[in-house]
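Asker: What follows is a structure written as structure tokens; I'll ask about it next.
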Amino acid sequence: MTNIFPPYRGQGEVHFLKLMAEEIENGGYAPGLTFRSESMLCVFRKFRIVCCPIYSDCFLKIKIKQIKKKYQEFSELMSQDAIYWNKKNNVVYGNMKLLSEKYNVKKKKIVSIVNEFPLIY
-13 MTNIFPPYRG QGEVHFLKLM AEEIENGGYA PGLTFRSESM LCVFRKFRIV CCPIYSDCFL
47 KIKIKQIKKK YQEFSELMSQ DAIYWNKKNN VVYGNMKLLS EKYNVKKKKI VSIVNEFPLI
107 Y
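Following our numbering, the numbering of the sequence shown begins with -13 at its first residue and continues without gaps.
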């Protein structure tokens, strides 16, 4: 029972995103530049200290790729005319037909997918 890993989802993912945002703000990145490998390793080290030391560089790099993919999906979604984002309430709403065609899932699943996007954006 002691070898059960704590879940990455939830607070771990939010904390990982906050660490990345802090590193970008403190690193003096110009818009459009990519995340430097030194900064990435610094974020990994901080994340392991705060959350859990069991996550490897490979695992965290995969998470960064997934975050980039979600960011691109959200940007594409926001470029649609019938979709809106209420930043104050952190809610995406609009044409459910367009969302269901895009994600090909039921209404409940769309809500969970769309709720993750603003966190990354």
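No residue lacks a Cβ here, since even glycine has one placed at the ideal position from N, Cα and C.
Skipping 5 residues on each side, what residues in its chain have a beta carbon closer than 6 Å to that of residue 2?
Answerer: 33
Asker: Inspect the CB distances between the region 79 to 89 and the region 62 to 69 and report whether three or more fall short of 8 Å.
Answerer: Remark: three or more beta-carbon pairs, one from each stretch, lie closer than 8 Å, so the region 79 to 89 and the region 62 to 69 are flagged as touching.
Asker: Which residue marks the beginning of the alpha helix (DSSP H) containing residue 57, and which one marks its end?
Answerer: From DSSP, the alpha helix (DSSP H) with residue 57 extends over 43 to 64.
Asker: So for residue 72, helix, strand or coil by DSSP?
Answerer: Strand, per DSSP.
Asker: My assumption, with CB atoms under 8 Å, is that residue 69 sits in contact with residue 78. Please give the rounded CB distance.
Answerer: 7 Å
Asker: Who are the Cβ neighbours of residue 25 in its own chain at under 6 Å, not counting the five residues just before and after it?
Answerer: 9, 13
Asker: Short check: CB of residue -2 to CB of residue 44, under 7 Å?
Answerer: no
Asker: Exposed or buried, residue 108, counting other C-beta atoms within 10 Å across all chains shown (16 or more means buried)?
Answerer: Residue 108 is absent from the structure shown; the chain starts at -13 and stops at 107.
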